[in-house]
Structures are given as C-alpha cells and as structure tokens.
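Residue numbers (this note's numbering): 7 to 88.
Down below is the structure, laid out as structure tokens.
This is the structure:
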C-alpha cells in the first residue's frame with residue numbers, strides 16, 4: 007500500500023491456506039481522510055482450492071468494516087464469476 011497520506015495503523019491478516027508455501031494475506035490500513043478514517047483492505051487471494059474460503063473471509067471482513075472502506079487487490083476472479 008502506497009499513500010501520500012500518513013497511515014494511522016496497518017494490520018497484516020494471514021489468509022487460510024492448504025497449499026504449503028503458497029501464503030496469501032490481506033492488509034488492513036487505516037488512513038486519515040477528510041476528518042474520517044478510511045479503511046483500506048488490500049488482498050491477494052489464491053486462484054486454486056483456497057480461493058473460496060479466502061474470498062468468503064475477505065467478503066465478510068469487508069462488509070463488517072464501517073464506511074468509508076475500499077476493497078482492492080488481486081481477487082483472482084474470472085470475469086464470469088457472480
């Protein structure tokens with residue numbers, strides 16, 4: 007995460023995985039923005055068997071964040087995925 011604004015806090019969140027050294031994680035950064043705190047969730051989700059549980063976890067986390075919040079990253083999601 008690159009930001010011109012000083013980041014107030016950063017949390018690294020390991021994602022569940024079963025593929026040995028194919029580690030995936032998310033970063034949750036709290037960025038002061040217009041008298042609020044922007045929650046920025048940056049992720050890199052697996053494209054194989056660990057994708058579904060990782061995507062479910064990230065979706066739940068993102069929906070639980072108080073606005074304003076942004077989800078970004080490599081979701082490894084095909085264009086036809088609902």
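Backbone N, C-alpha and C fix where the C-beta goes; we use that ideal spot for every residue, glycine too.
Legend entry - 8 Å Cβ cutoff met for residue 60 and residue 22: Position 54 of the chain shown holds residue 60. Position 16 of the chain shown holds residue 22. Residue 60 is a Cβ neighbour of residue 22, given a cutoff of 8 Å.
Inset, instruction - Indicate whether residue 13 and residue 35 have their beta-carbon atoms separated by less than 8 Å. - result: Taking the chain shown and counting its residues from 1, one reaches residue 13 at position 7. Taking the chain shown and counting its residues from 1, one reaches residue 35 at position 29. Between residue 13 and residue 35, the C-beta spacing is below 8 Å.
Legend entry - Under 8 Å between C-beta atoms of residue 77 and residue 51: Within the chain shown, the letter at position 71 stands for residue 77. Within the chain shown, the letter at position 45 stands for residue 51. Taking 8 Å as the Cβ cut-off, residue 77 and residue 51 do not qualify as a contacting pair.
Inset, instruction - Would you list the one or two residues that DSSP bridges to residue 80? - result: Your numbering for residue 80 matches position 74 in the chain shown. Per DSSP, 50.
Inset, instruction - Assuming residue 67 contacts residue 46 (C-beta within less than 8 Å), just tell me the rounded distance between them. - result: Here residue 67 refers to the residue found at position 61 when the chain shown is read from its first residue. Here residue 46 refers to the residue found at position 40 when the chain shown is read from its first residue. At roughly 12 Å, the Cβ-Cβ gap does not stay under 8 Å, so residue 67 and residue 46 are not in contact.
Legend entry - Selection from 70, 24 and 74 that minimises the alpha carbon distance to residue 42: The residue given as residue 42 occupies position 36 in the chain shown. Nearest of 70, 24 and 74 to residue 42, Cα basis: 74.
Inset, instruction - Find the nearest neighbour of residue 37 within the set 24, 29, 16 and 54, judged by alpha-carbon distance. - result: On the chain shown, residue 37 is found 31 positions in, with the first residue counted as 1. Ranking 24, 29, 16 and 54 by Cα distance to residue 37 puts 16 first.
Legend entry - Pair within 8 Å by beta-carbon distance, residue 55 and residue 24: For this step, residue 55 is matched to residue 49 along the chain shown. For this step, residue 24 is matched to residue 18 along the chain shown. Cβ distance < 8 Å, so residue 55 and residue 24 count as in contact.
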